[in-house]
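Heads up: the sequence shown at position 54 corresponds to 37 in the working numbering, and the numbers run straight through without jumps.
Below is one structure; the comments refer to it alone.
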Amino acid sequence: MKTRQLEVFHAVYTKGTITEAAQHLNVSQPSISKVLAHTENQLGFLLFSRIKGRLFPTPEADLIFLKADKINKELIQLKEITENMSNRPSGLIRLACAPTLGLDLTPTLVSEFSSLYSGAKFETHSYHFNEMVDHLRDGSVDLGIAFEAKDYEDLESRRILEGNFVVLGSEDFNFSKKKLLLRDLEEIPFVGIEGPLSEKLYSFFNEMKFKPNFITQTDSYLMAASYVKKGLGISVLDQISASSLNSEQYIWELDGAPSCDVYLVVPKTATKSLVLENFIDFMTSYNYKL
-16 MKTRQLEVFH AVYTKGTITE AAQHLNVSQP SISKVLAHTE NQLGFLLFSR IKGRLFPTPE
44 ADLIFLKADK INKELIQLKE ITENMSNRPS GLIRLACAPT LGLDLTPTLV SEFSSLYSGA
104 KFETHSYHFN EMVDHLRDGS VDLGIAFEAK DYEDLESRRI LEGNFVVLGS EDFNFSKKKL
164 LLRDLEEIPF VGIEGPLSEK LYSFFNEMKF KPNFITQTDS YLMAASYVKK GLGISVLDQI
224 SASSLNSEQY IWELDGAPSC DVYLVVPKTA TKSLVLENFI DFMTSYNYKL
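This is the structure in structure tokens:
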């Protein structure tokens, strides 16, 4: 007896008529009659006796129902489970991000997605890009969020956020105009940041023949922001990190500055869970406020 035959048999047995069984299964009466007749023909014996418009189960049907009722309940439970998976996917997402993207962007994405999908659980890591690539390849993380990521043979990158380089200042280094030129920064003490975007930034400086007045350099965005707040100098960094590290009144646009976009990085061939697919869709459509 196939699943559809079992479903029809169970409905007719519990409802007592073709009409009520058809209404219960939301199908036509002829389809119920056809399946039932086909089932009886396959089995080689009747399942119901027809008496005055009603169907009465035969002794054979009573025996079959004892098992069929249990199977039907399990099928209903299975349907509920699969519907829950579709409507409320759950599971663990192992996420890696660049250190500075863990200050605000990643926590924002994770917290807002979790409010929509309570069954989603996260394991988050902070890695520099080369480390992130290694973990994506060995399968220890499911996806990464990084600056200026590139495609590899086995990894795919999708841009999820566009940004630019900006100037980070303080009460000690304040500017009257909101958009600055590089010449406005000449001779001002400069806090350099060695990170995933430094090569792109310094190429821009060289192209524009601008030489920063380096007072110190660091590989920590947090430390650079602290130096700036304490009045040691200014810094130029990506818009996303700047908005996470300082108030808007001490952030200035930099005219002609190159982009510094954020990318989602995923393995090309790895199988993705439904909750991971939903999180990827969520990130690609999310409108993050800079």
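C-beta atoms are modelled at their ideal positions from N, C-alpha and C, and glycine is treated no differently.
Next item on the list: Pick out the complete alpha helix (DSSP H) segments inside the region 195 to 220, 4 residues or longer, and give them in chain order.
Entry: 204 to 212
Item checked: Distance between beta carbons of ASP202 and GLU177, contact taken as under 8 Å -> The C-beta separation of GLU177 from ASP202 comes to about 5 Å, placing the pair in contact by the 8 Å criterion.
Note to self: By alpha-carbon positions, which one of ASP155, LYS(-15) and PRO195 ends up nearest to LEU26?
What the structure shows: Selected option, being the one with the closest Cα: LYS(-15).
Item checked: Nearest residue (CA-CA) to GLU169, options LEU151, PRO195 and LEU38 -> PRO195
Checklist line | Runs of beta strand (DSSP E) wholly within the region 107 to 159 (minimum 3 residues, chain order) | finding: 126 to 130, 138 to 144 and 148 to 151
Margin query: Could you tell me which whole beta strand (DSSP E) segments of length 3 or greater appear in the region 45 to 105?
Written below: 74 to 80
Next item on the list: Decide if PHE262 is buried, meaning its Cβ has at least 16 other Cβ atoms within 10 Å, or exposed.
Entry: buried
Next item on the list: Alpha carbon to alpha carbon, how far is ASP167 from ILE198? Give it in angstroms, no decimals.
Entry: 17 Å
Checklist line | Length of the line joining the Cα atoms of SER97 and LEU247 | finding: 18 Å
Note to self: Assuming SER187 is part of the alpha helix (DSSP H), what are its boundary residues?
What the structure shows: According to the sequence displayed, residue 187 carries Phe and not Ser. Start and end: 181 to 190.
Check: Taking GLY175 as the reference, which of GLN6, ASP221 and HIS118 has the closest Cα?
Finding: Ranking GLN6, ASP221 and HIS118 by Cα distance to GLY175 puts ASP221 first.
Check: Per DSSP, what kind of secondary structure is GLU(-10) in: helix, strand or coil?
Finding: helix
Checklist line | Residues sharing a beta bridge with PRO172, DSSP | finding: ASN196
Item checked: Distance between ALA(-6) and ASP45 (C-alpha atoms, nearest Å) -> 13 Å
Item checked: Local conformation of TYR271 per DSSP, three classes -> coil
Item checked: C-beta contact flag for TRP235 and GLY146 at 8 Å -> no
Next item on the list: Inspect the beta-carbon positions of PRO250 and LEU163 and report whether they are closer than 8 Å.
Entry: no
Note to self: I need the DSSP call for SER226, collapsed to helix, strand or coil.
What the structure shows: helix
Check: Among ALA79, VAL150, VAL124 and PHE188, which residue has its Cα nearest to the Cα of THR254?
Finding: VAL124
Margin query: Checking the sheet assignment: what are the DSSP bridge partners for SER242?
Written below: ASN147
Checklist line | Rounded C-alpha distance that separates ARG77 from VAL93 | finding: 11 Å
Note to self: I'd like to know whether the C-beta atoms of LEU144 and ASP244 end up nearer to each other than 8 Å.
What the structure shows: yes
Check: Quick one: Cα of SER227 to Cα of ASP121, how far?
Finding: Straight across, the Cα-Cα distance linking SER227 with ASP121 is about 31 Å.
Next item on the list: Work out the CA separation of LEU19 and LYS35 for me, nearest whole Å.
Entry: Approximately 18 Å between the Cα atoms of the pair.
Check: Out of ALA129, MET115, PHE130 and THR65, which has the shortest C-alpha to C-alpha gap to LEU257?
Finding: THR65
Notebook entry, point to check: In terms of DSSP beta bridges, what is ARG166 paired with?
Noted result: According to DSSP, ARG166 bridges with nothing at all.
Next item on the list: Mind checking who PHE31 pairs with in its DSSP beta bridge?
Entry: PRO40
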